[in-house]
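Using this note's numbering, the first residue of the sequence shown is number 1368, and each one after it goes up by one.
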Amino acid sequence: MKIAVFPGSFDPITLGHYDIVERAVPLFDKIIIAIGKNSQKKYMFSLEQRKEFIRKSFANFPNVEVDDFEGLTIDYCKSKNVNFILRGLRNPADFEFEKSIAQTNRALTRENTIETIFLLTSSGKSYISSSIVREIISFGGNYEIMVPDAVRVEKKQ
């Protein structure tokens, strides 16, 4: 069974994330969208809100599930017997950053290689990032054009 983990903070999930998962669905038997917990990071949305945004966004995709984890992504993958990590690339800077992580993960799993699969975000969505969405939300702007319908919050007055 081909299972991929798509790790991230998803604070919140964006149309860029959605694009990657939607295009990866035919490639894998199952995709686990895994929300990493980082106690040092301040999130705009709670873990439960983020999980709910993702569940609603992918309700029509039976082979997509949502989970959360603490620690290294590679350790989470090993615990789930997953051999693929799915990552989206928006630009060359993303590639350089993700390449380093992928190479580190390969070094950490010499005996049981976990491959990282990169998909390029569709050109119309490559400008979208969770940090941009959070900034727009915090100033009451029109963030809805950058997120799945499930991500709706009360705008600040």
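Every residue gets a Cβ at the ideal spot worked out from N, C-alpha and C, and that includes glycine.
CA-to-CA distance, T1471 to S1497, given in whole angstroms: Taking the first residue of the sequence shown as position 1, residue 1497 is located at position 130. Taking the first residue of the sequence shown as position 1, residue 1471 is located at position 104. Going by the C-alpha atoms only, they are around 24 Å apart.
Reduced DSSP category for K1447 - H, G, I as helix; E, B as strand; rest coil: Taking the first residue of the sequence shown as position 1, residue 1447 is located at position 80. Residue state, collapsed to three classes: coil.
Straight-line Cα distance separating R1477 from Y1510: Stepping through the sequence shown from its first residue, residue 1510 is reached at position 143. Stepping through the sequence shown from its first residue, residue 1477 is reached at position 110. When rounded, the distance between both Cα atoms is 42 Å.
Proximity to I1370 [Cα-Cα], best of D1386, L1394, A1517: Residue 1370 sits at position 3 when you count from the first residue of the sequence shown. Per the Cα distances, L1394.
Rounded separation between V1514 and V1500 - CA only: Along the sequence shown, read from residue 1 onward, the residue named residue 1514 stands at position 147. Along the sequence shown, read from residue 1 onward, the residue named residue 1500 stands at position 133. Roughly 8 Å separates the two Cα atoms.
Contact the segment 1380-1392 vs the segment 1406-1413: 3+ CB pairs below 8 Å: no
D1434, enclosing beta strand (DSSP E) - first and last residue: The residue given as residue 1434 occupies position 67 in the sequence shown. Looking at the DSSP string, the run of the beta strand (DSSP E) that includes D1434 is 1431-1437.
Backbone CA spacing between S1424 and E1389 [nearest angstrom]: Walking along the sequence shown from the start, residue 1424 turns up at place 57. Walking along the sequence shown from the start, residue 1389 turns up at place 22. Cα to Cα, the separation comes out at about 10 Å.
Unbroken beta strand (DSSP E) run spanning F1485, endpoints: Here residue 1485 refers to the residue found at position 118 when the sequence shown is read from its first residue. That run of the beta strand (DSSP E) goes 1482-1487.
Distance CB(I1598)-CB(F1373) smaller than 7 Å: Any answer about residue 1598 is impossible in this case: the structure gives the chain only from 1368 up to 1524.
Counted within 10 angstroms of its Cβ, other Cβ atoms place R1417 as buried (16 or more) or exposed: One-based indexing of the sequence shown puts residue 1417 at position 50. Answer is buried; the Cβ neighbour count reaches 16.
Distance CB(I1481)-CB(N1450) smaller than 7 Å: Counting from 1 along the sequence shown, the entry for residue 1481 is found at position 114. Counting from 1 along the sequence shown, the entry for residue 1450 is found at position 83. The answer is yes: Cβ separation under 7 Å.
Identity of the residue in R1519, I1495, S1505 nearest Y1385 by Cα: Stepping through the sequence shown from its first residue, residue 1385 is reached at position 18. Closest option to Y1385, Cα to Cα, is I1495.
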